[in-house]
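Protein chains: 2
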Amino acid sequence: MTEALADPRPRLAIVPGDPTGIGPELAARILTNPDMWRLARFLVVGDARVMAMGAQQAEVSLSLRSIANGEGAAAAIREAETAGEVPMIDLGNLDPSRFTLGQASAEVGGEVGATLAAAVELARAGIVDGVTFTPLNKQAMFRGGWQFPDEHKLFAHLLGFKGLFSEMNVLDGQWMTRVTSHVSLREAVEQITPARIRDALTLADTTMRRAGIAEPRIAVAALNPHAGEGGLFGREEIDIIAPTVREMAARGIRCDGPFPSDTVYLKAFEGHYDSVLAMYHDQGQIATKLRGFNRGVTITAGLPTVFTTPAHGTAYDIVGRGIADPGATESAVRLAARLAGKTSLDGPGTQATGLVDAQT
Amino acid sequence: MTEALADPRPRLAIVPGDPTGIGPELAARILTNPDMWRLARFLVVGDARVMAMGAQQAEVSLSLRSIANGEGAAAAIREAETAGEVPMIDLGNLDPSRFTLGQASAEVGGEVGATLAAAVELARAGIVDGVTFTPLNKQAMFRGGWQFPDEHKLFAHLLGFKGLFSEMNVLDGQWMTRVTSHVSLREAVEQITPARIRDALTLADTTMRRAGIAEPRIAVAALNPHAGEGGLFGREEIDIIAPTVREMAARGIRCDGPFPSDTVYLKAFEGHYDSVLAMYHDQGQIATKLRGFNRGVTITAGLPTVFTTPAHGTAYDIVGRGIADPGATESAVRLAARLAGKTSLDGPGTQATGLVDAQT
Numbered sequence: 027m028t029e030a031l032a033d034p035r036p037r038l039a040i041v042p043g044d045p046t047g048i049g050p051e052l053a054a055r056i057l058t059n060p061d062m063w064r065l066a067r068f069l070v071v072g073d074a075r076v077m078a079m080g081a082q083q084a085e086v087s088l089s090l091r092s093i094a095n096g097e098g099a100a101a102a103i104r105e106a107e108t109a110g111e112v113p114m115i116d117l118g119n120l121d122p123s124r125f126t127l128g129q130a131s132a133e134v135g136g137e138v139g140a141t142l143a144a145a146v147e148l149a150r151a152g153i154v155d156g157v158t159f160t161p162l163n164k165q166a167m168f169r170g171g172w173q174f175p176d177e178h179k180l181f182a183h184l185l186g187f188k189g190l191f192s193e194m195n196v197l198d199g200q201w202m203t204r205v206t207s208h209v210s211l212r213e214a215v216e217q218i219t220p221a222r223i224r225d226a227l228t229l230a231d232t233t234m235r236r237a238g239i240a241e242p243r244i245a246v247a248a249l250n251p252h253a254g255e256g257g258l259f260g261r262e263e264i265d266i267i268a269p270t271v272r273e274m275a276a277r278g279i280r281c282d283g284p285f286p287s288d289t290v291y292l293k294a295f296e297g298h299y300d301s302v303l304a305m306y307h308d309q310g311q312i313a314t315k316l317r318g319f320n321r322g323v324t325i326t327a328g329l330p331t332v333f334t335t336p337a338h339g340t341a342y343d344i345v346g347r348g349i350a351d352p353g354a355t356e357s358a359v360r361l362a363a364r365l366a367g368k369t370s371l372d373g374p375g376t377q378a379t380g381l382v383d384a385q386t
Numbered sequence: 027m028t029e030a031l032a033d034p035r036p037r038l039a040i041v042p043g044d045p046t047g048i049g050p051e052l053a054a055r056i057l058t059n060p061d062m063w064r065l066a067r068f069l070v071v072g073d074a075r076v077m078a079m080g081a082q083q084a085e086v087s088l089s090l091r092s093i094a095n096g097e098g099a100a101a102a103i104r105e106a107e108t109a110g111e112v113p114m115i116d117l118g119n120l121d122p123s124r125f126t127l128g129q130a131s132a133e134v135g136g137e138v139g140a141t142l143a144a145a146v147e148l149a150r151a152g153i154v155d156g157v158t159f160t161p162l163n164k165q166a167m168f169r170g171g172w173q174f175p176d177e178h179k180l181f182a183h184l185l186g187f188k189g190l191f192s193e194m195n196v197l198d199g200q201w202m203t204r205v206t207s208h209v210s211l212r213e214a215v216e217q218i219t220p221a222r223i224r225d226a227l228t229l230a231d232t233t234m235r236r237a238g239i240a241e242p243r244i245a246v247a248a249l250n251p252h253a254g255e256g257g258l259f260g261r262e263e264i265d266i267i268a269p270t271v272r273e274m275a276a277r278g279i280r281c282d283g284p285f286p287s288d289t290v291y292l293k294a295f296e297g298h299y300d301s302v303l304a305m306y307h308d309q310g311q312i313a314t315k316l317r318g319f320n321r322g323v324t325i326t327a328g329l330p331t332v333f334t335t336p337a338h339g340t341a342y343d344i345v346g347r348g349i350a351d352p353g354a355t356e357s358a359v360r361l362a363a364r365l366a367g368k369t370s371l372d373g374p375g376t377q378a379t380g381l382v383d384a385q386t
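So the sequences go chain by chain: W and D. Under the working numbering, the residues of the first sequence are numbered 27 to 386, in order. Under the working numbering, the residues of the second sequence are numbered 27 to 386, in order.
Next comes the structure, spelled out in structure tokens:
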């Protein structure tokens, strides 16, 4: 592992997302930003014609070298890097002359899913330490045959992963997660159980530690208004949430609560916590979207492979105009580098934490 | 009504709130602000010693003239005004030497409740057109014998009002209201009915029109994440909310939705709506508290008497330091003047709308 000792940067797969949106432009901007290369090495996974289009949209010059997937890939990647070129697995599956910018397409969605699957395979093979992808069109992917409620469940499926995993949103240094997600509010109330709260706290704690936060401080939101007002507005705080928070705190997770959900996000954004655990989808989403969700990063926490992506979408209204803001994608790369650094073949402690700023 | 024709300003009762907090200081600042007098005339209801303390805290000079409540009150108020003094009903019920600043007291809370009751009586008698009060300590009032879940229910009780009324929060030009309030989330889900949504839309529309908004645009929030995602995450949007919104739109209320609750507040604050109707307490409260709840105004909508108050609390941490910000209380006075102007004895159309800015 001489190379690993010489170069502590994790290697990330960059997937240019749905090519009818701003994803290729963002990928091109990332790959031509020297700050990004100080944090990670990259392997592009996608269609070379899509990446050429992205470079043109971004008005940047990008030297890609197509390498063959399979046996000699690792050596070929190193050769490309030595030659100052960006290595790419060219899947040749998305011809820009066959789709229209700003128009969702099931056919394109199908190939985007195949591209993500190829990136997952490269991670499984140990060729990359993590995956950062630019915005997808989830409906197009669904219609294109990848029938998963979200990409997180797709990744778990591709990895054959049966354990605990969850979406997290990272914004302004806050790691937002939740106990329940894409179910009706009625069902969410039913799903508030000690087991689920324990799982969510464990996952949040583990993920933040993996990202280099030594003692993550987690604020737990209440379910009911005024945190139940002493049992007057519901008993879940008294019967379920508070005892579970105490139990997990005794087990060494620095968690606190439950707090009324209409002030807990204020406290967190003021810096009193690193993370808020919501009880249901809209609690966290109302807060983070008002705060500036689009600047944030979405990660899939708990899987053996690191996945990060900007929280914003394909931005069809500005596609091809060369004005896509790469800020959130840069944050996604920083976060993937932090998370992947801990588990890469290079071993712990070698990731370039000094280069990671607080923007994520 | 010669005087009324000569002076279009509504007369507002100013109640200095809980005197252990910043309320008296705020009241003194309001009463010595010429901008406030351009919008309304004031009658202070409280204890003269508390107001003297407030003036000292605010470092302002306040000329109060105590007038006797009862038969000759209206004439005495006009006499005080002619003499350039602020008329006051001195209840003599709160001696500052008998309470400690920054410390809640049941005894004080009891007298604060009595003070509010006196202001309500003055409104019932037609002496004032509305009531603006500075922050209360609700727990102190509760312990002092006024056992109501909130001041809105207290006011309705004092007025003997049996009809439809509700709290509304006004912030940055947005009128926030909700279908359900201080109940468990489980109960809130059960309470989402066409009747309640109709009532809430009607009340919001009526109140905003009364405040001078010609055609209030109301966005209705969904109950479930992603507005139910076409029925996948709950059917309340399809079965209850959407049909009721259509029905009320057909009846002439400019309402729209249901919209996913994690983006509807963004749309509203961008100016696409005047109001958001939440389905439950924390939806609206998470959004408005993050936006800056403390700058906002709380009103009791639907009662025959206008009540407004700053949304923030007694601020025990800064009481007596002379640094209390009167911004939200000024907004509360502006809003009371707008709402009271329409229904005062002076008749419609005479309120000084030109002086009302958009800060509320």
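Quick reminder that beta carbons are idealized off the backbone N, C-alpha and C, glycines included. Quantities reported herein were computed from a predicted structural model and do not represent experimental measurements.
Whole-number beta carbon distance between residue j and residue i, since they are thought to touch under 8 Å
i: W:Arg204; j: W:Gly310; result: 5 Å
i: W:Pro161; j: W:Ile48; result: 7 Å
i: W:Thr233; j: W:Met202; result: That pair is no contact at about 12 Å.
i: D:Gly322; j: D:Ala362; result: Incorrect: roughly 14 Å between the Cβ atoms, too far for contact.
i: D:Pro34; j: D:Met79; result: That belief does not hold up - the Cβ atoms of D:Pro34 and D:Met79 are roughly 33 Å apart, past 8 Å.
i: D:Val196; j: D:Ile56; result: Between D:Ile56 and D:Val196 the Cβ distance is about 17 Å, and since that is not below 8 Å, they are no contact.
i: D:Phe191; j: D:Ala327; result: 6 Å
i: W:Ile153; j: W:Ala99; result: 6 Å
Proximity below 8 Å, CB of residue i to CB of residue j
i: D:Val209; j: W:Phe259; result: yes
i: D:Gly283; j: D:Ala247; result: yes
i: D:Ile218; j: D:Asp231; result: no
i: D:Gly128; j: D:Tyr342; result: yes
i: D:Leu52; j: D:Asp155; result: no
i: W:Asn163; j: W:Thr340; result: yes
i: D:Met77; j: D:Pro36; result: no
i: W:Thr335; j: W:Ala358; result: yes
i: D:Arg235; j: D:Met274; result: no
i: W:Val70; j: W:Ser89; result: no
i: D:His307; j: D:Thr141; result: no
i: D:Leu329; j: D:Phe174; result: no
i: W:Leu316; j: D:Leu249; result: no
i: D:Arg67; j: D:Glu107; result: yes
i: W:Val134; j: W:Pro45; result: yes
i: W:Arg364; j: W:Ala237; result: yes
According to DSSP, residues forming a beta bridge with residue i
i: D:Val332; result: D:Gly156
i: W:Pro113; result: W:Arg91
i: D:Ala245; result: D:Asp282 and D:Val302
i: D:Ile40; result: D:Val70 and D:Thr158
i: D:Val323; result: D:Val196 and D:Pro336
Rounded separation between residue i and residue j - CA only
i: D:Pro60; j: D:Leu303; result: 35 Å
i: W:Gly139; j: D:Ile267; result: 35 Å
i: W:Ala149; j: W:Leu184; result: 11 Å
i: D:Glu177; j: W:Asp198; result: 37 Å
i: W:Ala30; j: W:Thr228; result: A caution first: W:Ala30 carries a pLDDT of 49, below 50, which makes its placement in the model unreliable, though a value can still be read off. Between W:Ala30 and W:Thr228, the C-alpha separation is close to 31 Å.
i: W:Phe295; j: D:Arg277; result: 43 Å
i: D:Ala84; j: D:Glu241; result: 40 Å
i: D:Ile239; j: D:Ser301; result: 11 Å
i: D:Cys281; j: D:Tyr299; result: 9 Å
i: W:Met114; j: W:Met305; result: 41 Å
i: D:His252; j: D:Ser287; result: 8 Å
i: W:Arg212; j: D:Leu180; result: 32 Å
i: W:Met167; j: W:Gly318; result: 26 Å
i: W:Arg75; j: W:Gly254; result: 56 Å
i: D:Ala366; j: W:Thr289; result: 32 Å
i: D:Gly136; j: D:Arg347; result: 25 Å
i: W:Ala132; j: D:Phe159; result: 59 Å
i: W:Val157; j: W:Leu65; result: 14 Å
i: W:Ala101; j: W:Phe333; result: 24 Å
I'd like the ranges of any alpha helix (DSSP H) spanning at least 4 consecutive residues and lying wholly in the segment 197-243 of chain D. 211-216 and 220-236
Residue ranges of each beta strand (DSSP E) within the segment 256-290 of chain W, 3 or longer: 281-285
Uninterrupted alpha helix (DSSP H) stretches inside the segment 46-111 of chain D (no shorter than 4 residues): 49-57, 60-65, 74-84 and 99-108
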